[in-house]
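Asks: Below you'll find the structure I mean.
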Amino acid sequence: MEIFYTSKELKERLSEIKGRNEIIGFVPTMGSLHSGHGTLISHARNASDVVVLSIYVNPTQFDNQHDFKAYPNAMQADLDLARSLGVDVVFSPKTEDMYEGVPNANSVDYGALTAAFEGSKRKGHFDGVVAIVRRLFQIINPEKAFFGEKDLQQLAVIETLCKREFAQLEIVRCPLVRDVDGLALSSRNVRLNPKERIIALELNRTLNRLKAAVNESVEGSVDLEAERSALESLDDLELEYLAIIDAESFEEVGEEKWNEGHAVIAAQVGSVRLIDNLFMG
Ligand code: AMP
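Each step along the sequence shown adds one to the number in our numbering, with nothing skipped, and position 32 is 553.
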């Protein structure tokens with residue numbers, strides 16, 4: 522496995538690979554890798570000749586400086602996992618290389634996709650995501666890029682970016698991976714204390730209850746407002762949103778189409794912000 526710290530050296534290496542017409546599969550991450558990232562890497566390994574993994578904590582996608590500074594770092598373990606899963610190339614750049622001057626991101630407007638839910642709760646988040654993903658795509662120029670359904674709204678934003686600016690690039694959706702108790706895996710989970718981790722399970726439980734109720738199709742059995750109130754009454758959990766949306770537009774769907782939508786949820790548990798989602802059908 523080769524590791525590159527500058528875009529210049531990475532590009533030189535990738536131009537040799539491209540000269541051999543090999544398919545490059547790209548997995549962008551912010552490191553502190555877990556089995557969710559592992560699934561993306563395995564999908565990339567199966568579908569490409571050369572797997573490139575980036576590890577970079579992108580400052581412009583954080584609206585909260587505490588969250589940015591507290592973002593976990595586990596470089597040595599990440600490299601070990603990447604090697605064991607057959608990654609060929611790791612790219613771990615410096616901010617000066619990713620951004621000229623002070624890191625900044627132009628505003629992106631894809632309608633509700635960038636304005637609602639994560640877009641409204643984390644101001645500027647998708648501006649930062651699009652800025653870094655665009656830059657990484659320009660440097661790496663992959664044939665395929667792999668993203669997790671854990672960040673469902675981000676996936677829809679990236680698909681829109683690709684349609685508009687990288688038409689040849691295939692975006693591969695990879696399923697959300699959960700811990701055995703149902704908690705969606707996230708690099709931030711290490712910051713939950715044992716009590717918070719138990720409370721965090723309420724996110725997944727709520728989504729499962731909603732799915733069961735949607736599929737019971739008994740009129741009135743789905744009570745989003747009651748679920749919101751139940752979560753809001755918990756100590757140490759601050760609900761940001763709970764809604765059933767269309768996964769392409771991120772607009773809320775009417776009751777008659779709930780079984781075609783995804784329930785999305787975001788909450789702050791202790792100092793950790795968590796998101797989760799589940800297909801209701
Ligand atoms: P991150 O390092 O959190 O920015 O995530 C990098 C990529 O891994 C994104 O495409 C995420 O959606 C994906 N990812 C993170 N957690 C999970 C998970 N639990 N299941 C599937 N994919 C995930």
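Cβ atoms here follow ideal geometry from the backbone N, Cα and C, with glycine treated the same way.
#1: Could you pull out every residue in the same chain whose Cβ sits closer than 7 Å to the Cβ of T550, ignoring the five residues on either side in sequence?
#2: Helix, strand or coil for G649? Go by DSSP, reduced to three states.
#3: Just reading off the alpha helix (DSSP H) that K615 is part of, what are its end residues?
#4: List, from N- to C-terminal side, the alpha helix (DSSP H) runs of 4 residues or more that fit wholly inside the segment 529-617.
#5: Looking only at its own chain, which residues have a Cβ that is under 8 Å from the Cβ of K642, when we skip the five neighbours before and after it?
#6: Leaving out five residues on either side along the sequence, give the residues of the same chain with a beta carbon under 6 Å from the beta carbon of F583.
#7: Taking only three categories from DSSP, how would you classify F658?
#8: Is G640 helix, strand or coil when you go by DSSP?
#9: What residue from N567, D570, L554, G607 has the CA that sits closest to M596's CA?
#10: Within 10 Å of its beta-carbon, does K732 have 16 or more other beta-carbons around it, so buried, or fewer, so exposed?
#11: Determine the extent of the beta strand (DSSP E) in which L731 is found, giving its start and end residues.
#12: If you scan the segment 740-800 from start to end, which runs of the alpha helix (DSSP H) of 4 or more residues do you find wholly inside it?
#13: Just mark T616 as buried or exposed, buried being the case when its beta carbon has 16 or more other beta carbons within 10 Å.
#14: What span of residues does the beta strand (DSSP E) with A666 cover, start to end?
#15: Can you give me the Cβ contacts of R699 inside the same chain, cut-off strictly under 8 Å, excluding the 5 residues immediately before and after it?
#16: Could you tell me if the beta carbon of P696 falls within a distance shorter than 8 Å of some heavy atom in ligand 1?
#17: Under 8 Å from any heavy atom of ligand 1, does the C-beta of R730 make it?
#18: Given a cut-off of 9 Å on the beta-carbon distance, is the pair E670 and R694 in contact?
#19: For the alpha helix (DSSP H) containing V678, list its first residue and its last residue.
#20: Can you tell me which of the three DSSP states V623 falls into?
#21: Would you list the one or two residues that DSSP bridges to R712?
#22: Please report the distance separating the alpha-carbon of M522 from that of R656.
Replies: Reading off the structure:
#1: Counting only Cβ-Cβ distances below 7 Å, and skipping sequence neighbours, we find H558, L574, S575, I576.
#2: G649 falls in the helix class under three-state DSSP.
#3: Annotation for K615: no alpha helix (DSSP H) segment contains it, and DSSP assigns it neither H nor E.
#4: If we require 4 residues or more, the alpha helix (DSSP H) runs fully inside the segment 529-617 come out as 556-568, 586-590, 596-605.
#5: Excluding sequence neighbours, K642 sits near E761, Y762, A787.
#6: Within the same chain, F583 has close Cβ partners F589.
#7: Three-state result, F658: helix.
#8: When secondary structure is reduced to three states using DSSP, G640 falls in the helix class.
#9: For the residues N567, D570, L554, G607, the minimum Cα distance to M596 belongs to L554.
#10: By the 10 Å Cβ count, K732 comes out buried.
#11: L731: not part of any beta strand (DSSP E); member of the alpha helix (DSSP H) spanning 715-737, first to last residue.
#12: Segments of the alpha helix (DSSP H) lying fully in the segment 740-800: 745-753.
#13: Under this definition T616 is an exposed residue.
#14: Unbroken beta strand (DSSP E) run through A666: 665-669.
#15: Residues A705, L706, N725 of the same chain have their beta carbon placed closer than 8 Å to that of R699, with the five preceding and five following residues left out of the count.
#16: Yes, ligand 1 has a heavy atom inside 8 Å of this Cβ.
#17: For ligand 1, not one heavy atom lies less than 8 Å from the Cβ of R730.
#18: Yes. Within cutoff.
#19: Counting along the chain, the unbroken alpha helix (DSSP H) around V678 starts and ends at 673-686.
#20: In the structure shown, V623 adopts coil according to DSSP, grouped into three states.
#21: Under DSSP, no beta-bridge partner is assigned to R712.
#22: So the alpha carbons of these two residues sit roughly 23 Å apart.
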